[in-house]
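Presented below is the structure to which this report refers.
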Amino acid sequence: MLKNKVIVVTGGSGLLGDSVLKDLLTKGAIAINADIHCLDNLEAGIIKCDVSNENSVRQVLQSILNHYGRIDGWVNNAYPRTDDWGTDFENVNLTSWNRNFELQMGSVFLCSQMVLKIMKEQGSGSLINISSIYGMIGPDFSVYNGTGMTMPAAYSAIKGGVINFTKYLASYYGPYGVRVNCISPGGVFNNQPEPFVISYSKKVPLKRMALPIDISPSVSFLLSDDSSYITGHNLVIDGGWTAI
């Protein structure tokens, strides 16, 4: 139910974004990677986009509309952040905190505002935000022992905001035939240190971390007509982490 639908994935060059794009393509969608590292080549399904820059997002939308005449789906997947991302909470300065909210929550707001205006005029469309289980529950810091890793405080605050912002947008745009949903993955394997992978996997009922392919089909589902009566939903894909 995605054949020939024009769907844009921000940050499509990343781990999850790449998997989402591949899944969309296998299901017949016209999938476009809008990433700051891309060149402009819509025929190849790529376009350069800085999701934190209003002019960049506006130009991307206009280019896609000029080329295809519509935007059927949009995935807010890009994950911009500062160089000091991952600093222990006690050492995070206010400037960094504010900047990360501006980059991440601000880009979700900016893209959503512009894209949903187009979808409202079309009378149809589906937008997906990517959140996290750590936007729902507090982190278990014990899984980071011996790894040098931590869970950034801003991540939890931002991802929690994304979930509720999704519900706001679903309520606001529902009368116009536009759906807005959210995906909250658990930990996705990305060659993290072995102690982390082992500790994390022990806590998951399915006893492993997620792979990108575990997440991407659900994004495709929520973009498709198969989910035509689903909006304002936060779909948790975590191997059971939040169930226990």
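Per the working numbering, residue 20 is the first one in the sequence shown, and the count goes up by one each step.
Even glycine gets a Cβ: it sits at the ideal position worked out from N, Cα and C.
Taking residue i as the reference, which of the options has the closest Cα?
i, options, result
"THR101", "VAL207, VAL94, LEU122", "LEU122"
"PHE208", "TYR219, PHE240, ASN200", "TYR219"
"ASP257", "PRO214, ILE202, PRO212, GLU213", "ILE202"
"ASP229", "PHE240, VAL216, ILE55", "It is Ala, not Asp, that sits at residue 229 in the sequence shown. ALA229 has its Cα closest to that of VAL216, out of PHE240, VAL216, ILE55."
"ALA262", "MET133, PHE160, LEU225, ILE232", "LEU225"
"GLN132", "SER38, ARG77, LYS222", "ARG77"
"ILE83", "ASP69, ASP59, TRP104", "ASP59"
"LEU61", "ALA176, ASN85, GLY92", "ASN85"
"PRO194", "VAL127, ILE152, GLY142", "GLY142"
Is residue i near residue j, with beta carbons less than 8 Å apart?
i, j, result
"TYR98", "GLY154", "no"
"ALA48", "PHE108", "no"
"ILE137", "ILE65", "no"
"VAL199", "LEU146", "yes"
"CYS57", "LYS41", "no"
"LEU241", "ILE249", "yes"
"LYS139", "VAL181", "no"
"ILE55", "ASP69", "yes"
"GLY251", "LYS186", "yes"
"LEU135", "GLU73", "no"
"SER175", "MET20", "no"
Would residue i be called buried (16 or more neighbouring beta carbons within 10 Å of its own) or exposed?
i, result
"THR114", "exposed"
"TYR192", "buried"
"LYS22", "exposed"
"SER247", "exposed"
"LYS178", "buried"
"ASN95", "buried"
"ASN119", "buried"
"PHE160", "exposed"
"GLY33", "buried"
"GLY92", "buried"
Give me, in chain order, the residues of the same chain whose beta-carbon lies closer than 6 Å to that of residue i; leave out the 5 immediate sequence neighbours on both sides.
i, result
"TYR87", "VAL25"
"THR166", "PRO212, PRO214, PHE215"
"ALA53", "VAL27, THR29, ILE66, CYS68, VAL79"
"SER239", "ASP42, LEU43, LYS46"
"ASN253", "ILE182, CYS201, SER203"
DSSP three-state label for residue i, please.
i, result
"SER143", "coil"
"LYS24", "coil"
"SER284", "Look at the range of the chain in this structure, 20 to 263, and you will see that residue 284 is not part of it."
"LYS46", "coil"
"ASN200", "strand"
"ASP54", "strand"
"ASN110", "helix"
"LEU225", "coil"
"LEU254", "strand"
"ASN117", "helix"
"ASN148", "strand"
"ILE249", "coil"
Sorted by chain position, which residues of the same chain lie with C-beta nearer than 7 Å to residue i's C-beta, five sequence neighbours on each side aside?
i, result
"GLY125", "SER71"
For residue i, which residues in the same chain have their Cβ closer than 8 Å to its Cβ, ignoring the five residues on either side in sequence?
i, result
"ASN164", "PRO214, SER218"
"LEU35", "ASN96, ILE149, PRO204, VAL207, PRO231, ILE234, SER235"
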